[in-house]
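First up is the structure itself, then whatever we jot down about it.
In the numbering used here, the protein residues as written are 6 to 489.
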């Protein structure tokens, strides 16, 4: 067969979804079957040759004795004696025919013989079809009839090969059966050996699929001195490195936004994120009177209160396409439209603010039941152009946004009423914002560093469609927090 055919078979075999032990068993079993089949064929061929030689020795001996006995009657042309001699040959159950053919046209035959006497130089193998639907394998042997080294004629005997062929077939069946049995036994032994050989590799595959940080089950293989041991040692070092990398990624995501962490890890050769001018929104939120509140609480309760408050802010940002840029004490800064562009950044910022107020309201209901002081927040939002990128020194960088838009958002937060959301006209201008909440125009405010006052609007109650979505989101967050 052509080489491409074998390459194609090998490719299909490699891609087959079979365990390695099964593949090895099939390959080794096929080789064993091939070798055993070749050995069986060789034994059968040798047995066939031995069988043929035995037939020829047996037939040659009989025809030689027959020719010797027929020499004197043939020379004396004693037809009666020759007929008796020929008929006596048929008493041997293995002989089915006998012929004496003299030089002087004397021809005496009995039993089944070839229609035409064969060449006396070699045995003549033939099949008797004289009876319908019956085939008898026969062989005819010949030997010259000599008298004082003078050839007087030719003697022929025909043997029935059926008894010899049945013996031959029995031997062949025994050899074939033994070969098949050995192949089956070898296949089972090969499968056991293949499983034993493939066990370290299977353990390695299981370890590669496992996400557990516990001590791997394959650690006992690392003390091997062969190639398997080397592979396990390398894999153990690699898995340890991957585990450490995963831990570093998780730790990094706790200190910076997951999106920023993803951008940094995607290009570790250059961790500086390019500065770019973007359009986005900035949300500032802080607790009203937090300094006064913290004076009357022990430090652990202050930390617990901050974690509860900031945790809900992070949940709100995550559900509103926002990114927590930083926590500054009790204040939080959330970006929309950075680092990924967001054409609806203003609407997402307003929805995030409404969600924060709703979550804080739920917290206050629980605090009221526990006779604890409620948390009051204020939120300011501004939209516009900002510079996003790395801020700091090479040894200590921070991804954030800077610009007048950010400063105005911070001032709006300072001017916002308690539990109120104060936004700029730039944030309120998109239709998506006005379709989300009701707005009330406020008096312009003066911002330090700006010549023109900033037009502001106060966010009132959410509109019906958004109110339903807001309630569903609050319920979803509450359920996730309760099951965590």
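For each residue, glycine too, the CB sits at the ideal point set by N, CA and C.
Item: Buried or exposed by the 16-neighbour rule on C-beta atoms within 10 Å, applied to residue 494; Value: In the structure displayed, the chain extends from 6 to 489; residue 494 sits before or after that span and is not available.
Item: Three-way DSSP call (helix, strand, coil) for residue 102 in this model; Value: strand
Item: Those residues which DSSP pairs with residue 65 across a bridge; Value: According to DSSP, which records beta bridges pairwise, residue 65 is partnered with nothing at all.
Item: Cα-Cα separation, residue 75 to residue 132; Value: 27 Å
Item: Assigned secondary structure, residue 144 (DSSP; H/G/I helix, E/B strand, else coil); Value: strand
Item: Cβ neighbours of residue 151 in the same chain (closer than 8 Å, five flanking residues each side left out); Value: 72, 76 and 157
Item: contact_flag[the stretch 348-357, the stretch 381-399] where n(CB pairs < 8 Å) is 3 or more; Value: yes
Item: Separation of residue 421 from residue 402, as counted between CA atoms; Value: 31 Å
Item: Through-space distance from residue 54 to residue 160, alpha-carbon basis; Value: 25 Å
Item: Minimum length 3: unbroken beta strand (DSSP E) runs contained in the stretch 30-62; Value: none
Item: Assumed close pair residue 311, residue 335 - CB separation to whole angstroms, cut-off 8 Å; Value: 6 Å
Item: Beta-carbon proximity list for residue 482, same chain, < 6 Å, skipping 5 on both sides; Value: 320
Item: Residue 326 in three-state terms, based on DSSP; Value: coil
Item: Assumed close pair residue 199, residue 38 - CB separation to whole angstroms, cut-off 8 Å; Value: Not confirmed; about 15 Å, so no contact.
Item: Cβ pair residue 103, residue 110 closer than 8 Å; Value: no
Item: Pairwise C-alpha distance: residue 433 and residue 439; Value: 7 Å
Item: Spatial distance of residue 368 from residue 427 (CA atoms); Value: 22 Å
Item: Contact under 8 Å by Cβ, residue 293 with residue 381; Value: yes
Item: Euclidean distance between Cα positions of residue 414 and residue 249; Value: 39 Å
Item: Stretch-stretch touch, CB-based, cutoff 8 Å, three pairs: the stretch 187-196 with the stretch 26-35; Value: yes
Item: Check whether residue 417 and residue 444 have beta carbons under 8 Å apart; Value: no
Item: For residue 285, the first and last residue of its enclosing beta strand (DSSP E); Value: 281-292
Item: Spatial neighbours of residue 6 in its chain, beta-carbon cut-off 8 Å, leaving aside the 5 residues before and after; Value: In this predicted model, residue 6 has a pLDDT of only 49, less than 50, meaning its place in the structure is not dependable; the value taken from the coordinates is given anyway. The answer is none, since no qualifying residue turns up.
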